[in-house]
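Input: a single structure, listed below in structure tokens.
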């Protein structure tokens with residue numbers, strides 16, 4: 809798998825796998841990033857691509873010192889399963 813890219817122009821994190829692009833769309837305001845939608849092509853379903861994308865995006869968010877609003881249900885569920893990322897969540 810390739811690296812997670814922060815495509816700031818499109819406001820999304822991207823992960824290319826097997827010629828398909830998985831994306832994590834966000835909105836950034838001040839020091840808070842709102843994850844709005846995760847899109848994993850059906851060809852990549854069940855391969856852990858969405859989880860890798862979310863973890864990579866959250867690692868970059870942590871490194872940048874941002875806080876997270878997990879509006880996307882997939883991101884919210886992922887954080888609930890990985891409590892070591894819960895400190896990133898803001899209200």
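Numbering (my numbering), first residue to last: 809 to 899. The C-beta atom is built at its ideal place from N, Cα and C for all residues, glycine as well. Here the structure is a predicted model, which means the values were calculated and not measured.
Helix or strand or just coil, what does DSSP make of residue i?
{"i": "residue 782", "result": "No information on residue 782 is available, as it lies outside the stretch 809 to 899 that the chain covers here."}
{"i": "residue 870", "result": "helix"}
{"i": "residue 855", "result": "coil"}
{"i": "residue 816", "result": "coil"}
{"i": "residue 811", "result": "coil"}
Compare the beta carbon distance of residue i and residue j with 9 Å and say whether it is the shorter of the two.
{"i": "residue 823", "j": "residue 830", "result": "yes"}
{"i": "residue 833", "j": "residue 820", "result": "yes"}
{"i": "residue 825", "j": "residue 855", "result": "yes"}
Should residue i be labelled buried (16 or more other beta-carbon atoms within 10 Å of its own) or exposed?
{"i": "residue 899", "result": "exposed"}
{"i": "residue 864", "result": "buried"}
Give the straight-line distance between the Cα atoms of residue i and residue j, rounded to the nearest whole angstrom.
{"i": "residue 871", "j": "residue 812", "result": "14 Å"}
{"i": "residue 838", "j": "residue 868", "result": "16 Å"}
{"i": "residue 890", "j": "residue 880", "result": "16 Å"}
{"i": "residue 846", "j": "residue 895", "result": "21 Å"}
{"i": "residue 843", "j": "residue 862", "result": "9 Å"}
{"i": "residue 875", "j": "residue 858", "result": "20 Å"}
{"i": "residue 882", "j": "residue 814", "result": "18 Å"}
Who does residue i pair with in a DSSP beta bridge?
{"i": "residue 875", "result": "840"}
{"i": "residue 845", "result": "833"}
{"i": "residue 901", "result": "No answer is possible for residue 901: it lies beyond the span of the chain, which begins at 809 and ends at 899."}
{"i": "residue 897", "result": "876"}
Is residue i close to the ligand PLP? I mean its beta-carbon at under 8 Å from any heavy atom of the ligand.
{"i": "residue 833", "result": "As far as ligands go, the structure on display features none, and thus does not contain the ligand PLP."}
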